[in-house]
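The numbering of the sequence shown is this note's numbering, which starts it at 110 and goes up by one. Just so you know, even glycine gets a beta-carbon here, dropped at the ideal spot from N, CA and C. Since the structure comes first, as structure tokens, the remarks are kept for the end.
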Amino acid sequence: MVTGIEIGRRDRLFLLTGAGVSAESGLPTFRDNGGLWNGYRVEEVATPGAWTEDAEKVWRFYSMRRRDALKCQPNSAHYALAELERELGERFFLCTQNVDPLHERAGSKRLLHMHGELFRSRCEADCGLPDFFDDKLYESAAEIPRCECGGRIRPHIVWFGEIPFEMDRIYSELDRCTMLAVIGSSGTVYPAAGFVDQARRSGARTVYIGPERPLNAAIFNDVVLGKAGEVLPGLFRIPKAG
Ligand code: OAD
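Listed below in structure tokens is the structure:
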């Protein structure tokens, strides 16, 4: 049983978080009992086809998620990762599949939202308008704003069938990491579920943290069973220099 993970002076840590890291903040995961995909069909709210078919339904789904996220606070797992970043500096990289802003609210900075961000929007057309902060709720088709180019404003979210953001940077961080920790992700959605393979091929030590074994559990060197908010504080140990 793993009780502590020592990070050596030359180690570089790559962290991948999934919905489980925000569960103790009160945000539902996708595939657990009572998860988001129990109440919604992915193809009706989270695909380019859904947007073409019924943009109002898509915006209602993301407006509901904006409303829920606004009520939540970071939990001790988010804070533990922000603290680890302060200790490791540029030897730390956090990639999250989550679109909520709880990592940054806890103080994380070396952070990449590979599936987009709930509180950002952009034009549906590739017109050059940069994505922008947006915390408004759009509940009807008439409320959906338009860009100057005439395109509709859509959530800055990676839908199924779209390519996650900044994959080049992610793969270069995976190549140079010596340790990879995945926290609260079921290991079902690619490419994220394949990061553990990639890291192991580069010789990294890999660990999963969550209450259940993920689908890709067999590939990890270690699996630490428990809730992120209970396990993470104090799990990683950095020996003092000297
Ligand atoms: P899932 O809902 O598939 O998995 C959540 C994982 O979190 C499960 O393995 C749970 O066991 C675990 N979990 C639950 N409570 C936890 C806790 N307190 N601490 C730690 N772990 C806990 O969510 P993801 O794997 O993140 O993509 O889903 C991946 C992607 O699928 C999402 O980013 C989203 C979704 O469809 C898009 O929308 C593109």
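Any non-hydrogen atom of the ligand OAD closer than 8 Å to Phe139 Cβ: Within the sequence shown, numbered from 1, the residue matching residue 139 stands at position 30. Within the cutoff, so yes.
How would you label Asn142, buried or exposed, when you count the other beta carbons within 10 angstroms and need 16 or more for buried? The residue you call residue 142 lines up with position 33 of the sequence shown. Looking at its Cβ environment, which holds fewer than 16 other Cβ atoms inside 10 Å, Asn142 is exposed.
Pull up the distance between the alpha-carbon of Pro273 and that of Val267, whole angstroms please. Here the question's residue 273 lines up with position 164 in the sequence shown. Here the question's residue 267 lines up with position 158 in the sequence shown. Straight-line Cα distance between these residues: approximately 6 Å.
beta-carbon Glu196 near the ligand OAD non-hydrogen atom, thresh 8 Å: Stepping through the sequence shown from its first residue, residue 196 is reached at position 87. Incorrect: Glu196 has no Cβ contact closer than 8 Å to the ligand OAD.
Return the Cβ separation of Glu293 and Ala326 in integer angstroms, given the expectation that the two are a contact with Cβ distance under 8 Å. Mapped onto the sequence shown, residue 293 falls at position 184. Mapped onto the sequence shown, residue 326 falls at position 217. What sits at residue 293 in the sequence shown is Gly, not Glu. In fact, because the Cβ distance is near 13 Å, the residues do not count as touching under 8 Å.
Buried versus exposed, by CB contacts within 10 Å (16 or more), Tyr188: Within the sequence shown, numbered from 1, the residue matching residue 188 stands at position 79. That one is buried.
So what's Val267 in DSSP terms, helix, strand or just coil? For the purposes of this step, residue 267 is taken as the residue at position 158 of the sequence shown. DSSP places Val267 in coil when its eight states are reduced to three.
Please report the distance separating the alpha-carbon of Ala313 from that of Leu341. For the purposes of this step, residue 313 is identified with residue 204 of the sequence shown, where counting begins at 1. For the purposes of this step, residue 341 is identified with residue 232 of the sequence shown, where counting begins at 1. For Ala313 and Leu341, the distance between alpha carbons rounds to 19 Å.
Under 9 Å, do His212 and Ala178 count as touching if we go by C-beta distance? In the sequence shown, counting from the first residue as 1, residue 212 sits at position 103. In the sequence shown, counting from the first residue as 1, residue 178 sits at position 69. No, these two residues do not count as a Cβ contact at 9 Å.
DSSP state of Asp120, grouped into three classes? Within the sequence shown, numbered from 1, the residue matching residue 120 stands at position 11. Asp120 falls in the coil class under three-state DSSP.
Taking DSSP as the reference, what is the three-state secondary structure of Ser230? In the sequence shown, counting from the first residue as 1, residue 230 sits at position 121. Looking at Ser230 - three-state DSSP - the assignment turns out to be strand.
Distance, Cα to Cα, Ala128 vs Arg255? In the sequence shown, counting from the first residue as 1, residue 128 sits at position 19. In the sequence shown, counting from the first residue as 1, residue 255 sits at position 146. C-alpha separation (whole angstroms): 31 Å.
Less than 9 Å between the beta carbons of Arg121 and Arg200, yes or no? As a first step, residue 121 must be located in the sequence shown, where it is residue number 12. As a first step, residue 200 must be located in the sequence shown, where it is residue number 91. Cβ distance < 9 Å, so Arg121 and Arg200 count as in contact.
Does the ligand OAD have a heavy atom nearer than 8 Å to the CB of Trp168? Residue mapping note: residue 168 aligns to position 59 of the sequence shown, counting from 1. Incorrect: Trp168 has no Cβ contact closer than 8 Å to the ligand OAD.
What residue range is occupied by the uninterrupted beta strand (DSSP E) comprising Val333? In the sequence shown, counting from the first residue as 1, residue 333 sits at position 224. It spans 331-334 - the beta strand (DSSP E) in which Val333 sits, taken as one unbroken run.
Buried or exposed: where does Val208 fall if 16 or more other Cβ atoms within 10 Å of its Cβ makes it buried? Mapped onto the sequence shown, residue 208 falls at position 99. Per the 10 Å Cβ criterion, buried.
Report the start-end ranges of each beta strand (DSSP E) in the stretch 122-165 that is 3 residues or longer and not cut off at the edges. 122-126
Nearest by alpha-carbon distance to Met173: which of Tyr149, Pro300, Ser185, Leu193 is it? Taking the sequence shown and counting its residues from 1, the one referred to as residue 173 is at position 64. Minimum Cα distance to Met173 is reached at Tyr149.
Would you mind sorting Ser131 into buried or exposed? The rule is 16 or more other CB atoms within 10 Å of its CB. Residue 131 sits at position 22 when you count from the first residue of the sequence shown. Buried, because 16 or more other Cβ atoms sit within 10 Å of the Cβ of Ser131.
Continuous alpha helix (DSSP H) assignments of at least 4 residues falling wholly in the stretch 240-320: 276-285, 304-310
Exposed or buried, what is Gln206 when buried is set at 16 or more other beta-carbons lying within 10 Å of its beta-carbon? Residue mapping note: residue 206 aligns to position 97 of the sequence shown, counting from 1. With 16 or more other Cβ atoms within 10 Å, it is buried.
Taking the DSSP output, what are the residues bridged to Gly225? The residue given as residue 225 occupies position 116 in the sequence shown. For Gly225, which the question treats as bridged, DSSP gives the partners Ile266.
Limits of the beta strand (DSSP E) - the one that Leu203 falls within: Position 94 of the sequence shown, counted from the first residue, corresponds to residue 203. From DSSP, the beta strand (DSSP E) with Leu203 extends over 201-205.
Confirm the yes/no value for this check: CB of Ile318, any heavy atom of the ligand OAD, distance under 8 Å. Here residue 318 is taken as the residue at index 209 of the sequence shown, counted from 1. Ile318: yes, Cβ under 8 Å from the ligand OAD.
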